[in-house]
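Chemist: The sequence shown begins at 1 in full-length UniProt numbering and counts up one residue at a time. Beta carbons: idealized from backbone N, C-alpha and C, even for Gly. Here's a structure for you.
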Amino acid sequence: MKTISTTILVALTFVFTGLIQAQDFQGKAYYMSKTTIDMANFGRPGMDEDMKKRIADRLKNALEKTYILTFNREESVYKEEEKLDTPGGGSSGFGRMMMGNFVAGNQYKNIKTNAFLQEQEVFGKKFLIKDSVPSFEWTMTGESKKIGQYTAFKAIGKKLKYGLDVNFGRPKPGEENKEEALTPEKEEIEVVVWYTPQIPVSQGPSDYWGLPGLILEVNEGRTTILCSKIIMNPDDKETIKVPSKGKEVSRAEFDEISKKKMNEMRQNFRRGGGRPGGGRR
């Protein structure tokens, strides 16, 4: 296998200029994101399997989402596709509170300036995460497969794990007062992606980028992101807007804020309460 740094791959990307010569070039890619739950460690001790299955089925709607990546040669914005809620399809209990009070907004990245911005909302308070795009060192495996009409190639990389890693169940006996829900700092995880040089832009869903072609599939832990449709140079081009709303914080600062709010919410949920801090922000 051959390892190529992100910097070299970005340079290689611009060798393939056939599709992106036009100054107003733009593309749209639609992705389905699915996250599975570790059912072996799900729920409170002694919960029967039928109950686990019913809860997992209700969480499924919240853990399967469709996103749209709008991109050009240098910029992209990744946002959730708006859709109507399915009646009775939401989660319940702690899961519902978590989903309703930690709301992810648009993600923007500029691979020329290395800028990364994301809007986030926590209990009604808006934040603007401002950071650099992550640096990947991709290992090319030489494997290929078809994704729709495109030939995709496999690459393996590592990234820092950010954000909350939530167990929706109740705590185990003796762990009622234990703070939890945030992945340890600077934990590296392996990711597997598939990209296509047939669309020669160094873009991808979420914060992924850095390959000589659009990333069509991502496998990260229990989450899979798969491209289902691509529209090249749509008739109605969309302005790629840089997110600007919310209190500016770094990614590390936002994780600390989320961890604090999550643990407050867990404690209130265990006591049968509501919002963290009794509704204070």
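Taking 6 Å as the limit between beta carbons, can you name the residues of its chain near Y150, skipping five residues before and five after?
Modeler: Stepping through the sequence shown from its first residue, residue 150 is reached at position 150. Sequence-distant Cβ neighbours of Y150 in its own chain, meaning closer than 6 Å and more than five residues away, are T196 and Q198.
Chemist: Do M32 and L226 have their C-beta atoms within less than 8 Å of each other?
Modeler: Taking the first residue of the sequence shown as 1, we reach residue 32 at position 32. Taking the first residue of the sequence shown as 1, we reach residue 226 at position 226. Yes. Within cutoff.
Chemist: Look at the Cβ atom of L117, then the Cβ atom of K130, and state whether they are nearer than 8 Å.
Modeler: In the sequence shown, counting from the first residue as 1, residue 117 sits at position 117. In the sequence shown, counting from the first residue as 1, residue 130 sits at position 130. Taking 8 Å as the Cβ cut-off, L117 and K130 qualify as a contacting pair.
Chemist: Note down the Cα distance separating R170 from K65, rounded to an integer number of angstroms.
Modeler: Taking the first residue of the sequence shown as 1, we reach residue 170 at position 170. Taking the first residue of the sequence shown as 1, we reach residue 65 at position 65. Low confidence applies to R170: its pLDDT is 46, below 50, so where it sits in the model is not reliable, and the reading given next is rough at best. Approximately 25 Å between the Cα atoms of the pair.
Chemist: Can you name the start and end residues of the beta strand (DSSP E) that residue 296 belongs to?
Modeler: This structure cannot settle anything about residue 296, because the visible part of the chain is limited to 1 through 281.
Chemist: State the Cα-Cα distance for the pair F254 and D207, rounded to the nearest angstrom.
Modeler: Against the sequence shown, residue 254 aligns to sequence position 254. Against the sequence shown, residue 207 aligns to sequence position 207. So the alpha carbons of these two residues sit roughly 16 Å apart.
Chemist: Kindly indicate which residue of E248, N72 and I231 has the alpha-carbon position closest to the one of Q120.
Modeler: Taking the first residue of the sequence shown as position 1, residue 120 is located at position 120. Ranking E248, N72 and I231 by Cα distance to Q120 puts E248 first.
Chemist: Considering only residues of the same chain and omitting the five flanking positions on each side of K154, which have a CB-CB separation below 6 Å?
Modeler: Taking the sequence shown and counting its residues from 1, one reaches residue 154 at position 154. For K154, where only same-chain residues beyond five positions count, the Cβ hits under 6 Å are T141, E143 and W194.
Chemist: Could you give the first and the last residue of the continuous beta strand (DSSP E) run that contains F123?
Modeler: Taking the first residue of the sequence shown as position 1, residue 123 is located at position 123. Element bounds for F123: n/a, residue is neither H nor E.
Chemist: Taking just the CA atoms, how far does E188 sit from L214?
Modeler: Start at 1 with the first residue of the sequence shown, and residue 214 comes out as number 214. Start at 1 with the first residue of the sequence shown, and residue 188 comes out as number 188. Rounded to the nearest whole angstrom, the C-alpha separation of L214 and E188 is 23 Å.
Chemist: If I'm right that P209 touches K79 with Cβ under 8 Å, what's the distance once you round it to whole angstroms?
Modeler: The residue you call residue 209 lines up with position 209 of the sequence shown. The residue you call residue 79 lines up with position 79 of the sequence shown. Note on residue identity: the sequence assigns Trp, not Pro, to residue 209. About 16 Å; that fails the 8 Å criterion.
Chemist: Is DSSP giving D57 helix, strand or coil here?
Modeler: By 1-based counting over the sequence shown, the position of residue 57 is 57. Here D57 sits in helix by DSSP.
Chemist: Going by DSSP, name the residue or residues bridged to Q149.
Modeler: Numbered from its first residue, the sequence shown carries residue 149 at position 149. Paired residues: none, contrary to the question.
Chemist: F127 bridges to which residues according to DSSP?
Modeler: The sequence position of residue 127 within the sequence shown is 127, counting from 1. Paired residue(s): Q120 and K247.
Chemist: Are I240 and V77 close, meaning C-beta to C-beta below 8 Å?
Modeler: Counting from 1 along the sequence shown, the entry for residue 240 is found at position 240. Counting from 1 along the sequence shown, the entry for residue 77 is found at position 77. Going by C-beta atoms, I240 is nearer than 8 Å to V77.
Chemist: Please check the pair F71 and Q267, which I expect to be a contact at CB under 8 Å, by giving their CB distance rounded to whole angstroms.
Modeler: Your numbering for residue 71 matches position 71 in the sequence shown. Your numbering for residue 267 matches position 267 in the sequence shown. Not a contact, Cβ separation roughly 42 Å.
Chemist: Applying the criterion that 16 or more other CB atoms from any shown protein chain within 10 Å of the CB defines a buried residue, is R73 buried or exposed?
Modeler: Translated into positions along the sequence shown, residue 73 becomes position 73. Per the 10 Å Cβ criterion, buried.
Chemist: Check the DSSP bridge columns for T224 and list the partner residues they point to.
Modeler: Position 224 of the sequence shown, counted from the start, is the residue given in the question as residue 224. T224 is bridged to K34 and N219.
Chemist: My guess is that E190 and K145 are in contact by the Cβ rule of under 8 Å, so how many angstroms apart are they, rounded?
Modeler: For the purposes of this step, residue 190 is taken as the residue at position 190 of the sequence shown. For the purposes of this step, residue 145 is taken as the residue at position 145 of the sequence shown. Incorrect: roughly 19 Å between the Cβ atoms, too far for contact.
Chemist: For residue 282, does the count of other Cβ atoms within 10 angstroms reach 16, so buried, or fall short, so exposed?
Modeler: What is shown of the chain runs 1 to 281, which leaves residue 282 out entirely.
Chemist: The ligand FAD and Y30: does any heavy atom of the ligand fall closer than 7 Å to the residue's C-beta?
Modeler: No copy of the ligand FAD appears in this structure; indeed no ligand is present at all.
Chemist: Should S258 go down as buried or exposed, given a rule of 16 or more other Cβ atoms within 10 Å for buried?
Modeler: Your numbering for residue 258 matches position 258 in the sequence shown. Result: buried.
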